[in-house]
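Report on the structure given below.
Numbering (full-length UniProt numbering), first residue to last: 1 to 240.
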């Protein structure tokens, strides 16, 4: 592991090794008394979750707080992030309390305020993140301010198009999501961000070695005192 721009950067051989490295970050955090884990969905964290499921770590006294959820999808919808977490972690490793934004609450103000209250009541000890190709974290797209809290996000056309294959017809594809804000993320005591593949290399370089700017939301992580970055060699290929 090496220090780059105030971040602890670990380069691994592949996603499986990344899963093991990520698991070790979780294990250490629990040993140091972590009680609240901030979790993420998507393909990137799956190998970490696989390793956590296979471990003897006990989450039954812990709390989890997820980054985001699609607006309009119920918790039992197969494409909801709540469902994803059940499949990949919660069914095998239940927590005392698990929070995911309520996608069925179409009242934006009520839904986002309620989630901010949950985060305030459960300060996050370790927050897991993936990294978008444009530098987004959660659904915080370029232009999102650093002090943002939970908010409703209009999904990009490319995200909507990519998700269409998971639904019977285009009208069912969510157009919006509720997302923890950048300000919310930065309040976590420790942050773990993971990225794999050449397609993420430019975003990784901008996150770690570029200017801190809303144009690259992940660059705000440079201002946090305890960030660990796990990359494969392809994702790290543009670092100086």
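Idealized CB from N, CA, C, for every residue including glycine.
Other residues of its chain near residue 61: CB distance less than 7 Å, five sequence neighbours each side excluded: 96
Contact set for residue 139: own chain, Cβ-Cβ below 6 Å, skip 5 residues either direction: 68, 153, 177, 179
Using beta-carbon positions only, say whether residue 50 and residue 18 come within less than 9 Å of one another. Judged by beta-carbon spacing, residue 18 lies beyond the 9 Å limit of residue 50, meaning their Cβ atoms are not closer than that value.
How close, in whole Å, do the beta carbons of residue 86 and residue 167 come, if the pair is a contact with beta carbons under 8 Å? Incorrect: roughly 19 Å between the Cβ atoms, too far for contact.
Residue closest to residue 215, alpha-carbon to alpha-carbon, out of 227, 195, 182, 232: 182
Would you tell me roughly how many angstroms separate the C-alpha atoms of residue 32 and residue 211, rounded to the nearest one? 32 Å
Test item: CB-CB of residue 137 and residue 9 under 9 Å: no
Under the three-state DSSP convention, the category residue 169 falls into: coil
Three or more C-beta pairs under 8 Å: does that hold for the segment 218-228 against the segment 43-58? no
Identify the continuous alpha helix (DSSP H) that holds residue 77 and give its terminal residues. Careful: residue 77 lies outside any alpha helix (DSSP H) and carries neither H nor E.
Please give the ranges of any beta strand (DSSP E) in the segment 24-98, keeping only runs that are unbroken, at least 3 residues long and fully inside the region. 36-39, 63-66, 68-70
So, at 6 Å on beta carbons, what are the nonlocal neighbours of residue 108 in its own chain, with the 5 sequence-adjacent residues on each side left out? 152
Using three-state DSSP, classify residue 12 as helix, strand or coil. strand
From the DSSP output, in three-state form, read off residue 7 for me. strand
Rounded C-beta distance between residue 71 and residue 106? I'm assuming under 8 Å. 7 Å
Closer than 6 Å by C-beta to residue 34: which residues in its own chain qualify, once you throw out the five before and the five after it? Chain order, please. 125, 126
Residue 231 and residue 196 closer than 9 Å at C-beta: yes
Give me the Cα-Cα distance between residue 202 and residue 118, rounded to the nearest whole angstrom. 34 Å
Proximity of residue 15 and residue 59 at Cβ, strictly below 9 Å: no
Output the distance between the C-alpha atoms of residue 142 and residue 134, rounded to the nearest integer angstrom. 7 Å
Confirm, please, whether the CB-CB distance from residue 185 to residue 129 is below 9 Å. For the 9 Å CB-CB criterion, residue 129 and residue 185 form a contact.
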